[in-house]
Amino acid sequence: MAGKFNPRASKVFQAMCSEALRQLVTETPGVEDACLVTGDGFEIASALNKSASASRLAAMTSSMHALGSAITGELKLKECKSVIVDGEIGTIVVVRVPSRHAEMMLAVTCGKRGTIGGVLFAARQHARWIDERVTATA
Amino acid sequence: MDREHVILFAGPMGAGKTTAIASLSDIPMVTTEAINNDTDAHRKATTTVAMDYGQITMSDCEVVRLYGVPGQDRFDFMWRIFEARAVGLILLLDANTTDIAADLDHFLDKFRELVARGAVVIGITQTDAAGISGIELCHARLRERHQFMPVFEVDARSRDQMIVMLSSLVVMVQMRDPQLGAA
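Structure, rendered in C-alpha cells:
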C-alpha cells in the first residue's frame, strides 16, 4: 500500500492535476470526462462535461479499482493496472496511478468517437505524469 | 438439502464490520481496503471501499455468505447492490460514537427495504472502552421506532461471540422462510 502523501492536502498539486485533466479531455479524441481520485474514494481533481457528480464518480472509481485488485490478487495476477467498463454508448477506463507516495486512480470516459486503446494509452500517460508530480511534491 | 444464506454486515465506519467477518470466515476473506484519508471522520488507518467477503459453514447443510459494505454514505451504491441479495442484516454500531441512537436511525432508514423483508440483529462493539450501555440506548430508540430486534454487545474479534449473534440471525431467517417453516 502506498505511503503518506495526502493529494487532497496540496492545493498546488490539485491545481496542476486539474489543468492536466482539462488538457486530457480537450486534446484526446473521444475523451469526454476525467477524474483523479484517492484510493478511499475522494475527488482530487476533475474535468467533467457530463452532469455526473464528481464525488459519486470518485467513490465508484475507487470501488471499481478495489474490486479489480481483489480479483487480480485472487487469481495471482499481481497488481490491478486498469479496469474497463464497456457501456452501450461509451466506455469508462480506470487506471491506477503508479505512485509509491499515495493511492490514486484516474477515471476517463470516452464516447463512441474514441478507441479504447487510444484512451487507455492517454490515461496511462497522464497517470505517469501525475506520479512524477507527486514524487516532486512529496 | 444444502441451504445458503446471504448476510449483510453494515454500520458506521470503524464499527468492526471487516473484523467481524474475518472472525467468522472459514475461508480467506476478500477485502478491499484503502488508506483512510478522512481521519477527521475516524482515525483508523484503512477503510473498506467496495466489499468484504467471507463464508462460514454453520452445519453440514447450511452455508452463510458474509458480505460487508463500506460504512460511509458516499459508497451507498454498494449498499444497494448487496442489500438486494441479502436475507438478513447484521448492523454493527460503535459504542464509542457520540450518538449511537442517531447511527441506529441512519442505518435502519438506509436499509429499510432489507429491514422490512429480512431478519435483523444489532451488535454493539467496543463496549469495553465506552463504559456506557449501548444496549439500553438502542432498546430505547427501537421502542420509539416501534421496532423490535435483538441487540447484542459483542467483540468483533471474538469468533464465539460473533457466532452466537450470527446463529440468532440465521434462526430468524429460517423462521421467515416459507419453505423451511418454523424449526
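Quick note, the sequences are listed as chains A and B, same order. For the first sequence, the working numbering begins at 1 and goes up steadily by one. For the second sequence, the working numbering begins at 1001 and goes up steadily by one. The beta carbon of each residue, even a glycine, is placed where N, CA and C say it ideally should be. Bear in mind the structure is a predicted one, so any value in this text is a computation, not a measurement.
Which residues in the same chain have their Cβ closer than 8 Å to the Cβ of residue i, if we skip the five residues on either side of it in sequence?
{"i": "A/S69", "result": "E79, C80"}
{"i": "A/T72", "result": "K78, E79, C80"}
{"i": "A/I130", "result": "C17, A20, L36, V97, S99, M104, L106"}
{"i": "B/T1032", "result": "T1048, V1049, A1050, M1051, D1052"}
{"i": "A/G90", "result": "E32, T109, C110, G111, K112"}
{"i": "B/S1158", "result": "S1023"}
{"i": "B/A1045", "result": "I1035, N1036"}
{"i": "B/R1145", "result": "D1105, L1108"}
{"i": "B/A1140", "result": "A1101"}
Closest to residue i by CA distance: which of the options is it?
{"i": "A/E32", "options": "A/T38, A/R22, A/D40", "result": "A/R22"}
{"i": "A/E27", "options": "A/T61, A/Q125, A/K11", "result": "A/Q125"}
{"i": "A/C110", "options": "A/H101, A/S55, A/G87, A/R128", "result": "A/G87"}
{"i": "B/D1026", "options": "B/R1003, B/I1163, B/Q1174", "result": "B/I1163"}
{"i": "A/S55", "options": "B/A1140, B/M1149, B/D1076", "result": "B/D1076"}
{"i": "B/R1043", "options": "B/F1009, B/G1014, B/V1069", "result": "B/G1014"}
{"i": "A/L75", "options": "B/T1046, B/D1103, B/L1114, B/V1030", "result": "B/V1030"}
{"i": "B/I1056", "options": "B/A1102, B/R1003, B/F1082", "result": "B/R1003"}
{"i": "B/V1115", "options": "B/M1058, B/V1173, B/T1039, B/V1063", "result": "B/V1173"}
{"i": "B/A1010", "options": "B/N1037, B/V1063, B/R1112", "result": "B/R1112"}
{"i": "B/R1151", "options": "B/A1119, B/S1059, B/L1008, B/G1123", "result": "Looking at the sequence shown, residue 1151 of chain B is not Arg but Val. Minimum Cα distance to B/V1151 is reached at B/G1123."}
{"i": "B/P1012", "options": "B/N1037, B/R1145, B/E1153, B/L1091", "result": "B/L1091"}
{"i": "B/A1119", "options": "B/A1045, B/E1083, B/D1160, B/T1046", "result": "B/E1083"}
{"i": "B/G1054", "options": "B/P1070, B/L1008, B/T1039", "result": "B/L1008"}
Grab me the residues of residue i's own chain with a C-beta within less than 7 Å of its C-beta, minus the 5 sequence neighbours each way, in chain order.
{"i": "B/I1100", "result": "L1093, G1134, L1137, C1138"}
{"i": "A/V83", "result": "M64, H65, G68, V94"}
{"i": "A/I44", "result": "P7, R8, Q14, C17, L36, V37, T38, M104"}
{"i": "B/V1006", "result": "R1065, Y1067, R1085, A1086, V1087"}
{"i": "B/D1109", "result": "none"}
{"i": "A/S10", "result": "T137"}
{"i": "B/L1142", "result": "F1148, M1149"}
{"i": "B/G1181", "result": "Interpretation of B/G1181 is limited by its pLDDT of 45, a score under 50 that renders its predicted location unreliable; the figure taken from the coordinates is listed afterwards. Nothing listed; no residue qualifies."}
Determine the extent of the alpha helix (DSSP H) in which residue i is found, giving its start and end residues.
{"i": "B/F1148", "result": "Note, B/F1148: premise wrong, no alpha helix (DSSP H); not H, not E."}
{"i": "B/V1173", "result": "1159-1176"}
May I have the straight-line CA-CA distance separating residue i from residue j, to the nearest angstrom?
{"i": "B/L1089", "j": "A/P29", "result": "46 Å"}
{"i": "B/A1183", "j": "B/S1168", "result": "Residue placement at B/A1183 is poorly supported in this model, since its pLDDT is 40, which falls under 50; the coordinates are not used for a value here."}
{"i": "B/L1066", "j": "A/V12", "result": "43 Å"}
{"i": "B/R1074", "j": "A/L57", "result": "10 Å"}
{"i": "B/M1078", "j": "B/A1034", "result": "16 Å"}
{"i": "B/R1117", "j": "B/V1170", "result": "14 Å"}
{"i": "B/A1041", "j": "B/T1098", "result": "12 Å"}
{"i": "B/Q1147", "j": "B/P1028", "result": "35 Å"}
{"i": "B/R1176", "j": "B/V1121", "result": "14 Å"}
{"i": "A/T115", "j": "B/H1106", "result": "43 Å"}
{"i": "A/M60", "j": "A/G41", "result": "7 Å"}
{"i": "A/A52", "j": "B/M1165", "result": "40 Å"}
{"i": "A/L120", "j": "A/L24", "result": "12 Å"}
{"i": "B/Q1072", "j": "B/D1103", "result": "12 Å"}
{"i": "B/R1080", "j": "B/M1058", "result": "26 Å"}
{"i": "A/A122", "j": "A/K50", "result": "20 Å"}
{"i": "B/T952", "j": "B/P1070", "result": "The first residue shown for chain B is 1001 and the last is 1183, placing residue 952 of chain B beyond what the model contains."}
For the beta strand (DSSP E) containing residue i, name the first residue and the last one.
{"i": "B/M1058", "result": "1052-1059"}
{"i": "A/S156", "result": "There is simply no residue 156 of chain A to check, as chain A begins at 1 and stops at 138 in what is shown."}
{"i": "B/A1022", "result": "Unbroken run through B/A1022 is the alpha helix (DSSP H), 1017-1024; no beta strand (DSSP E)."}
{"i": "B/A1034", "result": "1033-1035"}
{"i": "B/R1074", "result": "Premise fails: B/R1074 is in no beta strand (DSSP E) and is neither H nor E."}
{"i": "B/R1043", "result": "Element bounds for B/R1043: n/a, residue is neither H nor E."}
{"i": "B/I1007", "result": "1003-1010"}
{"i": "A/L77", "result": "Segment: none, A/L77 is in no beta strand (DSSP E) and carries neither H nor E."}
Within a Cβ cutoff of 6 Å, which residues of the same chain sit near residue i, ignoring the five residues on either side of it in sequence?
{"i": "B/A1156", "result": "G1016, T1019, A1020, T1125"}
{"i": "A/G118", "result": "none"}
{"i": "A/A47", "result": "L21, R22, V25, A34"}
{"i": "A/V85", "result": "I92"}
{"i": "B/V1063", "result": "E1004, T1057"}
Does at least one heavy atom of the ligand FAD sit under 7 Å from the Cβ of residue i?
{"i": "B/Y1053", "result": "As for the ligand FAD, it is missing from this structure, which has no ligand bound."}
At which residue ranges does the region 1084-1118 of chain B contain complete alpha helix (DSSP H) runs of 4 or more residues, listed in the order of the chain?
1100-1110, 1112-1117
Which parts of the region 94-135 of chain A are runs of the beta strand (DSSP E), unbroken and 3 residues or longer, counting only runs that do not cross its ends?
Runs found: 104-110.
What are the start and end residues of each continuous alpha helix (DSSP H) run of 4 or more residues lying completely inside the region 7-64 of chain A, in chain order?
Qualifying alpha helix (DSSP H) stretches, in chain order: 11-27.
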